[in-house]
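Student:
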Amino acid sequence: MDTPDHPDRHRRKLYGRRKGPKLSARQAGLRQTLLGALAYVPGGDPLAQFPNTVQEVWLEVGFGAGEHLVWQAAQHPQVGLIGAEPYEMGMAKLLTKLEETPLNTVRLYEGDGSEIIEALPDASLGQFFLLFPDPWPKTRHHKRRFLQMEILDSLARVLKPGAELRFATDDKSYLPYALERLMAHPGFDWLAQSPSDWKSRPADWPPTRYETKAIKGLPTFLRFVRRAKTGA
540 MDTPDHPDRH RRKLYGRRKG PKLSARQAGL RQTLLGALAY VPGGDPLAQF
590 PNTVQEVWLE VGFGAGEHLV WQAAQHPQVG LIGAEPYEMG MAKLLTKLEE
640 TPLNTVRLYE GDGSEIIEAL PDASLGQFFL LFPDPWPKTR HHKRRFLQME
690 ILDSLARVLK PGAELRFATD DKSYLPYALE RLMAHPGFDW LAQSPSDWKS
740 RPADWPPTRY ETKAIKGLPT FLRFVRRAKT GA
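Numbers in my numbering are just positions in the sequence shown, counted from 1, shifted up by 539.
#1: Could you check whether the stretch 695-711 touches the stretch 762-769, counting it as contact only if at least three pairs of C-beta atoms, one from each stretch, sit closer than 8 Å?
#2: Helix, strand or coil for Asp709 per DSSP?
#3: To test your reading of the DSSP string, which unbroken beta strand (DSSP E) runs of 3 or more residues are found completely within the stretch 629-701?
#4: Distance check for Arg565 and Val697, CA to CA, integer angstroms please.
#5: Looking at Glu638: is its Cβ nearer than 8 Å to the Cβ of Leu569?
#6: Enumerated in chain order, which unbroken segments of the beta strand (DSSP E) with a length of 3 residues or greater are wholly contained in the stretch 555-626?
#7: My output table needs one value for Arg777: the three-state DSSP class, helix, strand or coil.
#8: Roughly how many angstroms lie between the CA atoms of Gly726 and Leu634, to the nearest whole one?
#9: Quickly, what does DSSP pair Asp728 with across the bridge? List them, please.
#10: Select from Asn591, Tyr626 and Gln732 the residue whose C-alpha is nearest the C-alpha of Phe602.
#11: By the three-class DSSP mapping on this structure, what secondary structure does Leu757 have?
#12: Rounded to the nearest angstrom, what separates Pro660 and Glu599 at their Cα positions?
#13: Measuring straight from C-alpha to C-alpha, what distance separates Leu686 and Leu718?
#14: Measuring only the C-alpha atoms, how far is Trp597 from Met722?
#15: By Cβ distance, which residues of its chain are closer than 7 Å to Leu664, with the 5 residues on each side in sequence left out?
#16: Going by the beta-carbon positions, is the gap between Thr644 and Val609 smaller than 8 Å?
#17: Considering only heavy atoms of the ligand NAP, does any lie closer than 7 Å to the CB of Trp744?
#18: Mark Ser693 as exposed unless 16 or more other C-beta atoms lie within 10 angstroms of its C-beta, in which case mark it buried.
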């Protein structure tokens, strides 16, 4: 894929599992049992890691407490949802939800989502979600933001033509940063037709606890589509 040069290409650094508050005994137990049962292993055909009723695979990177991922999995039983989250507490909260409401079409990866993306076959994803990621607000930390040009190169490779990339943020510096890169990339088109398209959450985009906290920060919802592969 021929893509334009950009200063932040090849600057992505991986970040592994991150610890926070101490897990409860129940949460620690679920990490040992349920996480092992639902673990996603990067590499190969992602469909092979789901029940044979799954027809398509979606990926959410940084799912927080997992509200959005669980909602999408419940609404789309024919879709396999991969969730990547480096924070132990976020993973623990989602595991608690999945213990209470089992969903056999969810697979989980406790680590950096870019490791999944890099190992996916071409045109193997039907949708990608990056919702309210860590904004890394200090300029010297911008290279740690997930949405880098090299990640967009990889997403353009693994997303099917017509597949959506969905991004949300309430950070005033991350929004122009993300738009600059998405608009510059030849593999994606912005679906917005009017301001309401990025100011209002789509109906099939359920609210999360973080989004509720972010309302005062005027969250923005971006939907981009993977272009048909005509040299991009």
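C-beta: ideal position from N, C-alpha, C; glycine also.
Tutor: On the basis of the coordinates in this document:
#1: By the criterion of at least three beta-carbon pairs nearer than 8 Å, the stretch 695-711 is in contact with the stretch 762-769.
#2: Here the question's residue 709 lines up with position 170 in the sequence shown. In this structure, Asp709 counts as coil in the three-state DSSP scheme.
#3: 645-648 and 664-670
#4: Sequence index remark: in the sequence shown, residue 697 carries index 158 (1-based). Sequence index remark: in the sequence shown, residue 565 carries index 26 (1-based). Taking the straight line joining both Cα atoms gives about 36 Å.
#5: The residue labelled residue 638 in the question sits at position 99 within the sequence shown. The residue labelled residue 569 in the question sits at position 30 within the sequence shown. The answer is yes: Cβ separation under 8 Å.
#6: The stretch 555-626 contains these whole beta strand (DSSP E) runs: 595-600 and 618-623.
#7: With the chain running from 540 to 771 in the structure shown, residue 777 is simply not present.
#8: In the sequence shown, residue 726 corresponds to position 187, counting from 1. In the sequence shown, residue 634 corresponds to position 95, counting from 1. Each residue's Cα considered, the two are about 34 Å apart.
#9: Numbered from 1 along the sequence shown, position 189 holds the residue referred to as residue 728. Paired residue(s): Val764.
#10: Counting from 1 along the sequence shown, the entry for residue 602 is found at position 63. Nearest C-alpha to Phe602: Tyr626.
#11: Locating residue 757 in the sequence shown gives position 218, counting from the first residue. Coil.
#12: Mapped onto the sequence shown, residue 660 falls at position 121. Mapped onto the sequence shown, residue 599 falls at position 60. About 17 Å.
#13: Position 147 of the sequence shown, counting from 1, holds the residue named residue 686. Position 179 of the sequence shown, counting from 1, holds the residue named residue 718. If I take the Cα positions, the gap works out to 10 Å.
#14: Taking the sequence shown and counting its residues from 1, the one referred to as residue 597 is at position 58. Taking the sequence shown and counting its residues from 1, the one referred to as residue 722 is at position 183. Inter-residue distance for Trp597 and Met722 is about 22 Å (C-alpha atoms, whole angstroms).
#15: The residue you call residue 664 lines up with position 125 of the sequence shown. Contacts found: Val596, Trp597, Leu598, Val697, Leu698, Lys699 and Ala702.
#16: Within the sequence shown, the letter at position 105 stands for residue 644. Within the sequence shown, the letter at position 70 stands for residue 609. At least 8 Å separates the beta-carbon of Thr644 from that of Val609.
#17: The model depicted lacks the ligand NAP and carries no ligand whatsoever.
#18: Position 154 of the sequence shown holds residue 693. By the 16-neighbour rule on beta-carbons within 10 angstroms, Ser693 is buried.
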